[in-house]
Structure formats: C-alpha cells, structure tokens
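Report on the following structure.
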Amino acid sequence: MINRVVLVGRLTKDPELKYTTSGVAMARFTLAVNRTFTNQQGEKEADFINCLVWRKQAENTANYLSKGSLCGVEGRIQTGSYEGQDGKRVYTTDVVADSVQFLEPRNGQASQNNGHTTHPTDHQRSQSEYQQPQTQQNYTRVDEDPFSNSSGPIEVTGDDLPF
C-alpha cells in the first residue's frame, strides 16, 4: 500500500499553531494548489488542501510561513469523521505532512505595501538574494558551464547512477 502526497502551493492564511494537552505542537494550514489545466472559460483553478503538521515542523511552519507563502509539503492523506453540531456525520480529509519545505527566501515572501499583499517578481528581487555565500564552494554558478572545458563524451559508470 502506498499513501504519498507531494504538493506545492501558497498558504491561504496564516498557520494555526496549537498544542495538545501533553504539549505536542500541531499546526493546521490550507494550501492553494493550482491545477495544471484551465477551465472552459480559460481560467486557472486551484484546489484548497487542508494540511496538518506536528512537533518542531509545526512550530517552524507557524513561525516562518504566513498567508501567501510558497511551500512544498510531502506527507500522506488521512481521512476521518466526527458528528457535527446538527447530529450529521462530517467527513474530513487532511494531508499529514512529514516535511514542509519553505520555497521562498524569508525576505522574498509577500510583503505589505499600503495594505495590499504583493509578491515580488524575479525582476524586482535584489541580485544579492541570488548570489551564493563565499563559503559554499561545492556549487556551480548558473552562468558558468561546468562542461565547457570538456573534450568529448563524458563517461558515466553504473556506480555514478543513483538507481
């Protein structure tokens, strides 16, 4: 049996952080995930997916993500039900996150501008956000071709492959 979910989307509101009676942190948030196709009117639609995350990841999510933040979630689907106030059975579906990835730099998240939330485009972000710290020497700059000095084919052995 496989129950795996991978999502990328934006938070529809700030995460809600709560603690169980035994002190375990839990955060709930809703992720708006764009569909890959358009409807008959040519508009993009989104699914709004309820997510749940526990422990330290819950605290980090609540502290560092807010409405409009872009994040990735990896986890599993969990269904449940309870009896509503009107006596009818209410069914729930949540993604229980094993991992929440913050996909924007903190200063690249939605910023307040005269009461309106804006998301900076790549052209508006400062070049320093894309420059790498001098201490990270194991990365290749995007504008450098790592194969430019190569003469001929590159040999790959079975030991080089991850599978």
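The letter at position 26 of the sequence shown is residue 122 when you use our numbering, and the numbering goes up by one with no holes.
From the three backbone atoms N, C-alpha and C, an ideal C-beta is built for every residue, glycine too.
Val169 and Tyr115 have their C-alpha atoms some 21 Å from each other. In terms of CA proximity to Glu155, Phe125 leads the group Asp182, Asn135, Arg172 and Phe125.
Val191 places its beta carbon 8 Å or farther from that of Tyr178.
Per DSSP, Lys140 is one residue of the beta strand (DSSP E) stretching across Lys140 to Trp150.
In this model, Asp110 and Leu161 are separated by some 7 Å (Cα to Cα). Rounded to the nearest angstrom, the Cβ distance from Leu107 to Leu127 is 6 Å, consistent with a contact under 8 Å. A residue is called buried once 16 or more other Cβ atoms fall within 10 Å of its Cβ, and Gly171 is buried on that count. Taking Glu200 as reference, the option from Val149, Thr157 and Thr175 with the minimal CA-CA separation is Thr157. The Cβ-Cβ distance between Val129 and Leu103 falls below 8 Å. Apart from the 5 residues on each side of it in sequence, Arg202 sits with its Cβ closer than 8 Å to the Cβ of Tyr160 in its chain, given in chain order.
Straight across, the Cα-Cα distance linking Thr189 with Gly180 is about 15 Å. One Cα belongs to Val101, the other to Gly183, and the distance between them is close to 32 Å. In this structure Ile98 is exposed. Its beta-carbon is surrounded by fewer than 16 other beta-carbon atoms within 10 angstroms. If you draw a 10 Å sphere on the C-beta of Val149, you find 16 or more other C-beta atoms in it, and that means buried.
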